[in-house]
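Heads up: the protein sequence lines correspond to chains S and A, in order. Residue 79 in this note's numbering is what sits at position 79 of the first sequence, and the numbering runs on without skipping anything. Here this note's numbering runs 1000 ahead of the position in the second sequence, where the first position is 1. Each residue gets a CB set at the ideal place from its N, CA and C atoms; glycine is no exception. Okay, structure first, notes after.
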Amino acid sequence: GAGVSQTPSNKVTEKGKYVELRCDPISGHTALYWYRQSLGQGPEFLIYFQGTGAADDSGLPNDRFFAVRPEGSVSTLKIQRTERGDSAMYLCASSRTSGTGELFFGEGSRLTVL
Amino acid sequence: GQSLEQPSEVTAVEGAIVQINCTYQTSGFYGLSWYQQHDGGAPTFLSYNALDGLEETGRFSSFLSRSDSYGYLLLQELQMKDSASYFCAVNPGGNMLTFGGGTRLMVKP
């Protein structure tokens, strides 16, 4: 695709529910990243994929968060038993290779947990 | 741990020059990136410095001093459309980026 695509753009859910956020990276980009951004703050790293495998998941806050990238392209971020504190903008980014400092971000999925 | 410090807010007038500083303390360092983010938009890449010195791209320049753990973004000939948040980000190794808290730039006429 022309850019990184994220769906849904907005998700409102109730506390305790399960949520999936999808990211479709730029075609040919092998590296994929998930970040979380709260209002007025910088993006906070969650997880990084190189191909199908999670190369670094050190940013996942707890075991309610999980992400997959089964075919090395589309990725899904899964959040179980959502809490109000999970409310944020979830950003996905991709890059051709890793280590260039240049990430291409999607428009994000805004999650609101009531 | 990793920490990046940058001013929270900067105000300047149209046509002026503004410098946004970033100091970092990270466990490793491979390079410093700068991103621009308009309200409601996605962060967009501006520049990347892996080596000491100044990199110029049009009206924007970025500088790095590895020995001082310091860098800055220089914006010249400011335009109203430059009003946005600017983030420095470090690659500490491992290929992910750690972002600073952002500097909100307000350009006034």
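- Message: Please confirm whether F45 (chain S) has its beta-carbon closer than 8 Å to some beta-carbon of chain A.
- Response: With 8 Å as the cut-off, F45 (chain S) counts as an interface residue toward chain A.
- Run through DSSP, which three-state label would G1071 (chain A) get? In this structure, DSSP gives G1071 (chain A) an extended state, which the three-state scheme calls strand.
- Message: Once DSSP output is grouped into helix, strand and coil, what is the label at D56 (chain S)?
- Response: Here D56 (chain S) sits in strand by DSSP.
- Within chain A, partners of A31 (chain S) - CB distance below 8 Å: Taking the beta carbon of A31 (chain S) as reference, the chain A residues within 8 Å of it are N1095, listed in sequence order.
- Per DSSP, Y1024 (chain A) is paired with what? The partner list for Y1024 (chain A) (beta bridge, DSSP) reads A:L1004.
- Query: Using 8 Å as the limit for Cβ to Cβ distance, is T1011 (chain A) near chain S?
  - Reply: For T1011 (chain A), no CB of chain S lies under 8 Å from its own CB, so it is not counted at the interface with that chain.
- Using a Cβ-Cβ cut-off of 6 Å (strictly less than) and excluding sequence neighbours within five positions of K17 (chain S), which residues of its own chain qualify? Same-chain partners within the cutoff: T82.
- Within chain S, partners of N1021 (chain A) - CB distance below 9 Å: Ordered by position in chain S, no residue passes the 9 Å Cβ test against N1021 (chain A), which lies about 15 Å from the chain.
- Message: Can you list, in chain order, the residues of its chain with a C-beta nearer than 8 Å to that of Q1002 (chain A)? Leave out the 5 residues immediately preceding and following it.
- Response: Contacts found: Y1024, Q1025, T1026, S1027, V1090, P1092, T1098.
- Query: If you scan the segment 36 to 102 of chain S from start to end, which runs of the beta strand (DSSP E) of 3 or more residues do you find wholly inside it?
  - Reply: Counting whole runs of 3 or more residues, the segment 36 to 102 of chain S contains the beta strand (DSSP E) stretches 44 to 50, 53 to 56, 65 to 68, 75 to 79, 88 to 95.
- Taking the CB atoms as reference points, tell me whether Q41 (chain S) and S109 (chain S) lie closer together than 8 Å. The answer is no: Cβ separation not under 8 Å.
- Query: Cβ of F1087 (chain A) less than 8 Å from any chain S Cβ?
  - Reply: At a cut-off of 8 Å, the C-beta of F1087 (chain A) has a neighbouring C-beta in chain S.
- Sufficient close CB pairs (3 or more, under 8 Å) joining the segment 55 to 65 of chain S to the segment 1009 to 1023 of chain A: Taking 8 Å as the limit for Cβ pairs, the verdict is that the segment 1009 to 1023 of chain A does not touch the segment 55 to 65 of chain S.
- Message: Does K11 (chain S) pass the burial test, meaning 16 or more other C-beta atoms within 10 Å, or should it be called exposed?
- Response: Buried: at least 16 other Cβ atoms inside 10 Å.
- Query: So which residues of chain S does T1098 (chain A) contact, with C-beta pairs closer than 7 Å?
  - Reply: Contacts between T1098 (chain A) and chain S, judged by CB atoms closer than 7 Å, involve F45 in chain order.
- Task: Could you tell me which of A:G1053, A:G1058, A:V1013 sits nearest to P1109 (chain A), measuring between CA atoms?
- Result: Selected option, being the one with the closest Cα: A:V1013.
- Query: Where DSSP assigns a beta bridge to L1054 (chain A), which residues make up the other side?
  - Reply: A:F1063, per the DSSP bridge assignment.
- Query: Given V19 (chain S), which residues of its chain have a CB within under 7 Å of its CB, disregarding the five upstream and five downstream residues?
  - Reply: Contacts found: K11, T13, I79, T82, L111.
- Message: If we define contact as Cβ-Cβ less than 8 Å, is S1065 (chain A) a contact residue for chain S?
- Response: Answer no: the Cβ-Cβ gap between S1065 (chain A) and chain S never drops below 8 Å.
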